[in-house]
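Novice: For reference, the structure I am asking about is given below.
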Amino acid sequence: MKTSFKYLAIMVATAVLVFTGCKDLEKMQKMADQVTLSVSTSPVEMHGDSIEIKLTGAFPAKFFQKKVTLEVTPVLKYGGQEVAFKSLTMQGEDVEANNKVIPYESGGSFEIVDKIAFDPAMREATLVVRGDATIKDEKQAVIEREVAPGVMATATLLDFTDGKVIKAADNFERVTYETKEAKIKFLINRYNIRGRELKKDEIKAINDYIKEVAEKENMAVENITIDAYASPDGTVELNTKLSENRKKVTEKYIGKEVKKAKMELEDEGSVYNSRSVAEDWEGFKSELQKSNVQDKDLILRVLSMYNDPKVREKEIKNISAAFNELKDDVLPQLRRSEFKVKVAVTGFSDEEISKYALEKPYTLDVEELLYAGTLTEDKETLKKIYTTCTQQFSDDWRGHNNLGVINFQQGNYADAMTNFNGAKDIEASNSKVLNNLGAVALAQGDIDKAIEYLNAATAGGNHASYNQAMIATKKGDYEKAVDMYASSKYNTVNFALAKLLQYSITKNDQAYDAALGILEKVEDKDNAMWYYLKSVIGARKQDTDMVMNNLRTAIEKNADLKQTASTDVEFIRYKEDATFKSIVE
32 MKTSFKYLAI MVATAVLVFT GCKDLEKMQK MADQVTLSVS TSPVEMHGDS
82 IEIKLTGAFP AKFFQKKVTL EVTPVLKYGG QEVAFKSLTM QGEDVEANNK
132 VIPYESGGSF EIVDKIAFDP AMREATLVVR GDATIKDEKQ AVIEREVAPG
182 VMATATLLDF TDGKVIKAAD NFERVTYETK EAKIKFLINR YNIRGRELKK
232 DEIKAINDYI KEVAEKENMA VENITIDAYA SPDGTVELNT KLSENRKKVT
282 EKYIGKEVKK AKMELEDEGS VYNSRSVAED WEGFKSELQK SNVQDKDLIL
332 RVLSMYNDPK VREKEIKNIS AAFNELKDDV LPQLRRSEFK VKVAVTGFSD
382 EEISKYALEK PYTLDVEELL YAGTLTEDKE TLKKIYTTCT QQFSDDWRGH
432 NNLGVINFQQ GNYADAMTNF NGAKDIEASN SKVLNNLGAV ALAQGDIDKA
482 IEYLNAATAG GNHASYNQAM IATKKGDYEK AVDMYASSKY NTVNFALAKL
532 LQYSITKNDQ AYDAALGILE KVEDKDNAMW YYLKSVIGAR KQDTDMVMNN
582 LRTAIEKNAD LKQTASTDVE FIRYKEDATF KSIVE
């Protein structure tokens, strides 16, 4: 009987505990509506590939039973699935554990900060908070409440295909210049032109060139320069007359050849540019340095020590052995006249270059081919021109690069990557090419590779700044993104988007008007996303007309935006609006 009584006592005690426990859990469940729950942003927002929440809660007095343990878990529910954020376990005053204690009499508060990876399917989601209470072996859900209606995924509007690529410039010059020159030597103290001098190959070549220039319409003499010299031996007076006479006879000879070729000079007085040098000490020094004269170093020191021509000549003649060598090897080279014919050559016209680039590309050099690419905006024509450039001038990075630019603009990203890599094989550290590779990587969604390329593009200029700004936007670093967009000088939808997203950090409503200001400066206002983003800003400003008018136009330009808008919580307050429904359904 004693044993039976013992078991009976245990059973009664257990029943009492269970009854008491159930009663405590029921009390908490009944008071659950008095628990305050809130998130820092509602709807919650996606930034940088994740959804971060800050959930705060407060328990009223006499809610948290002394022997109860409560596990609170934020859960994102979407499309029949759910993902839990981290849980927080709290306990009553009589529980022997190491969790946060919530007093029975006064109540208490808690905070949960966590993030989960974003999935596009989460656009239509609900954030709920669950609270599971436990006492002994008894467990009961005491809290199940929605705290945020959906995920604001406006950051996903970032357009990575808007990367900025750099086209390589040509160095085309329609008018180029050629120079032909020749030299006539004279005997000591003479200024007559000897017949043997006129039979030299260089004289024949320049005479033939003068005839060629006279015959071609695209060639014209720019100027004819004549410099006549005397060697520094002899008196200055003699050498002055000698060099002047050598200049005159050379002018006369060249003038005769020009007339013989029937060359017409526009202004003969300005074409000829002649001078005479009485004592060519600079020429003397140059020839001496090239010579094998035994005492040339000593003579060079004399030249550096004295500036007076008479003193120089006297001191050099005192070096008797050397002076004899100078008379034979150096001084004869200085008794001369030099003349140069500079000719302006006018290249093909724009019409000819455009035609030849497609029909006779082999007649053009690389600069003319690249220049042809500036004379049309037709993408297929440009593709032909730059393809030819890569074939005829395969070792020039510019043709490969510019072909890549066209493929990028056409959305052929794999081909563009191949082209830019071809340019990189030629110039591995070219900042323009590295920037372009970064832009393609962004368009292909390879953010890590894009970062690698763009960090290496140290001189990519505004284009690289813009592409870096897109990366900062993707990472959720909107302050940095806005600064880099601004420095790039490109006003785009992406820039306006970053300015709008900056509100999440600053909570400054001026971000909305600033974003609208950027949109107004965008050149391509025919872009569907231009209107869509303007509609989103209208929703933030609660401007119904702005929402409806711009959303309607956006969907007219891109019907796929119907689905986007219908699941976009930016428009949550308009979900039941008849006009909104007519636009998105």
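Sequential numbering from 32 applies to the sequence shown in this note's numbering.
Note that beta-carbon positions come from the ideal geometry of N, C-alpha and C, so glycine has one too.
1) Please go through the region 120-166 and give each complete beta strand (DSSP E) segment of 3 or more residues, from N-terminal end onward.
2) Can the beta-carbon of Pro105 be found less than 8 Å from the beta-carbon of Val600?
3) From the DSSP output, which residues share a beta bridge with Pro180?
4) For Ala184 versus Arg154, is the C-beta spacing smaller than 8 Å?
5) Have a look at Ile549 and Thr595 and give me their C-alpha separation to the nearest angstrom.
6) Would DSSP call Gly88 helix, strand or coil?
7) Out of Thr165, Asn304 and Asp339, point me to the one whose CA is closest to Val267's CA.
8) When burial is assigned at 16 or more other CB atoms within 10 Å of the CB, is Ile536 buried or exposed?
9) If the criterion is Cβ atoms closer than 8 Å, does the pair Lys538 and Val513 meet it?
10) Quick check on DSSP: helix, strand or coil for Arg583?
11) Could you tell me if Tyr393 is buried or exposed, where buried requires 16 or more neighbouring beta carbons within 10 angstroms of its beta carbon?
12) Let's test the definition: count the other Cβ atoms within 10 Å of the Cβ of Asn432 and tell me whether it reaches 16, buried, or not, exposed.
13) Taking the beta carbon of Ala642 as the centre, do at least 16 other beta carbons fall within 10 Å, making it buried, or is it exposed?
14) Might you give, ordered along the chain, the residues of its own chain that have their beta carbon closer than 7 Å to the beta carbon of Asn438, omitting 5 neighbours on each side?
15) Taking Ile234 as the reference, which of Lys216, Ile197, Asn581 and Thr67 has the closest Cα?
16) Less than 8 Å between the C-beta atoms of Lys455 and Leu434, yes or no?
17) According to DSSP, is Val342 part of a helix, a strand, or is it coil?
18) Give the straight-line distance between the Cα atoms of Ile482 and Gly123, rounded to the nearest whole angstrom.
19) Going by the CB atoms, is the gap between Phe116 and Asp145 shorter than 8 Å?
20) Any chance you could list the alpha helix (DSSP H) runs of at least 4 consecutive residues sitting entirely within the region 405-477, in chain order?
21) Are Tyr543 and Arg571 closer than 8 Å when you measure CB to CB?
22) Looking only at its chain, what residues have a beta carbon closer than 8 Å to the beta carbon of Val173, apart from the 5 residues adjacent to it on each side?
23) At what residues does the alpha helix (DSSP H) containing Asn498 begin and finish?
24) What is the residue span of the alpha helix (DSSP H) that Leu101 lies within?
25) In the DSSP assignment, find the alpha helix (DSSP H) that holds Val244 and state where it starts and stops.
26) Suppose you measure from the CA of Tyr563 to the CA of Ile384; what does that come to, to the nearest Å?
27) Let's see if you can read the secondary structure: which residues bound the beta strand (DSSP E) around Val252?
28) Decide yes or no for the touch test of the region 504-522 against the region 68-84: beta carbon pairs closer than 8 Å, at least 3 of them.
29) Classify Pro151: buried if its beta carbon has 16 or more other beta carbons within 10 angstroms, exposed otherwise.
30) Since Pro399 contacts Phe149 with CB under 8 Å, what's their CB separation in whole angstroms?
31) Out of Ala487, Arg277 and Ser262, state which residue places its alpha-carbon closest to the alpha-carbon of Arg343.
32) Quick one: residues in its chain with C-beta nearer than 7 Å to the C-beta of Thr45, no 5 flanking neighbours on either side, listed in chain order?
33) Given 8 Å as the limit, is there contact between the region 91-99 and the region 517-532, that is, 3 or more CB pairs closer than that?
34) Hey, Ser317 and Ile257 are a contact pair by Cβ (cut 8 Å); roughly how many whole angstroms apart?
35) Checking the sheet assignment: what are the DSSP bridge partners for Glu76?
36) I need the straight-line Cα distance from Trp312 to Tyr497, nearest angstrom please.
Specialist: Straight from the coordinates:
1) 139-148 and 157-166
2) Within the sequence shown, numbered from 1, the residue matching residue 105 stands at position 74. Within the sequence shown, numbered from 1, the residue matching residue 600 stands at position 569. No, the Cβ-Cβ distance between Pro105 and Val600 is not below 8 Å.
3) Mapped onto the sequence shown, residue 180 falls at position 149. DSSP output for Pro180 lists no bridge partner at all.
4) What you label residue 184 is simply residue 153 of the sequence shown in a count that begins at 1. What you label residue 154 is simply residue 123 of the sequence shown in a count that begins at 1. The answer is yes: Cβ separation under 8 Å.
5) One-based indexing of the sequence shown puts residue 549 at position 518. One-based indexing of the sequence shown puts residue 595 at position 564. Going from the Cα of Ile549 to the Cα of Thr595 covers about 23 Å.
6) Here residue 88 refers to the residue found at position 57 when the sequence shown is read from its first residue. Here Gly88 sits in strand by DSSP.
7) Taking the sequence shown and counting its residues from 1, one reaches residue 267 at position 236. Comparing Cα-Cα distances from Val267 to each of Thr165, Asn304 and Asp339, the minimum goes to Asp339.
8) Position 505 of the sequence shown, counting from 1, holds the residue named residue 536. Exposed.
9) Residue mapping note: residue 538 aligns to position 507 of the sequence shown, counting from 1. Residue mapping note: residue 513 aligns to position 482 of the sequence shown, counting from 1. No, Cβ-Cβ distance for Lys538 and Val513 is not below 8 Å.
10) Mapped onto the sequence shown, residue 583 falls at position 552. Looking at Arg583 - three-state DSSP - the assignment turns out to be helix.
11) Taking the first residue of the sequence shown as position 1, residue 393 is located at position 362. Its Cβ having fewer than 16 others within 10 Å, Tyr393 is exposed.
12) The residue you call residue 432 lines up with position 401 of the sequence shown. With 16 or more other Cβ atoms within 10 Å, it is buried.
13) This structure cannot speak to residue 642, because the chain is shown only from 32 to 616.
14) Stepping through the sequence shown from its first residue, residue 438 is reached at position 407. Here the set comprises Asp446, Ala447 and Asn450.
15) Translated into the one-based positions of the sequence shown, residue 234 becomes position 203. It is Lys216 whose Cα lies nearest to the Cα of Ile234.
16) Mapped onto the sequence shown, residue 455 falls at position 424. Mapped onto the sequence shown, residue 434 falls at position 403. Cβ distance not < 8 Å, so Lys455 and Leu434 don't count as in contact.
17) By 1-based counting over the sequence shown, the position of residue 342 is 311. In the structure shown, Val342 sits in a helix (DSSP, three-state: H, G or I).
18) Along the sequence shown, read from residue 1 onward, the residue named residue 482 stands at position 451. Along the sequence shown, read from residue 1 onward, the residue named residue 123 stands at position 92. Computed Cα separation, rounded: 50 Å.
19) On the sequence shown, position 114 is the one that residue 145 refers to. On the sequence shown, position 85 is the one that residue 116 refers to. It is a contact, given that the beta carbons lie within the stated cut-off.
20) Listed in chain order, the complete alpha helix (DSSP H) runs (minimum 4 residues) inside the region 405-477 are 410-423, 428-440, 444-457 and 462-474.
21) Translated into positions along the sequence shown, residue 543 becomes position 512. Translated into positions along the sequence shown, residue 571 becomes position 540. Contact: yes.
22) Walking along the sequence shown from the start, residue 173 turns up at place 142. Result list for Val173: Leu56, Met59, Gln60, Ala63, Leu101, Gly162, Asp163 and Ala164, in chain order.
23) Against the sequence shown, residue 498 aligns to sequence position 467. Residues Gly492 to Lys506.
24) Counting from 1 along the sequence shown, the entry for residue 101 is found at position 70. Here Leu101 belongs to no alpha helix (DSSP H); instead the beta strand (DSSP E) covers Thr100 to Tyr109.
25) On the sequence shown, position 213 is the one that residue 244 refers to. Judged by DSSP secondary structure, Val244 falls within the alpha helix (DSSP H) whose first and last residues are Asp232 to Glu246.
26) Here residue 563 corresponds to residue number 532 of the sequence shown, with the count starting at 1. Here residue 384 corresponds to residue number 353 of the sequence shown, with the count starting at 1. So the alpha carbons of these two residues sit roughly 43 Å apart.
27) Here residue 252 refers to the residue found at position 221 when the sequence shown is read from its first residue. Its beta strand (DSSP E) spans residues Met250 to Tyr260.
28) yes
29) Counting from one through the sequence shown, the residue named residue 151 turns up at place 120. Exposed: under 16 other Cβ atoms inside 10 Å.
30) Here residue 399 is taken as the residue at index 368 of the sequence shown, counted from 1. Here residue 149 is taken as the residue at index 118 of the sequence shown, counted from 1. Here residue 399 turns out to be Glu, not Pro, going by the sequence shown. With 8 Å as the limit, Glu399 and Phe149 do not qualify as a contact, their Cβ atoms being about 51 Å apart.
31) Numbered from 1 along the sequence shown, position 312 holds the residue referred to as residue 343. Nearest C-alpha to Arg343: Ser262.
32) In the sequence shown, the residue the question calls residue 45 occupies position 14. Since pLDDT at Thr45 reaches only 41, below the 50 mark, its modelled position is unreliable, and no value is offered.
33) no
34) On the sequence shown, residue 317 is found 286 positions in, with the first residue counted as 1. On the sequence shown, residue 257 is found 226 positions in, with the first residue counted as 1. In fact, because the Cβ distance is near 19 Å, the residues do not count as touching under 8 Å.
35) As a first step, residue 76 must be located in the sequence shown, where it is residue number 45. Met183.
36) Against the sequence shown, residue 312 aligns to sequence position 281. Against the sequence shown, residue 497 aligns to sequence position 466. Here the C-alpha atom of Trp312 lies approximately 59 Å from the C-alpha atom of Tyr497.
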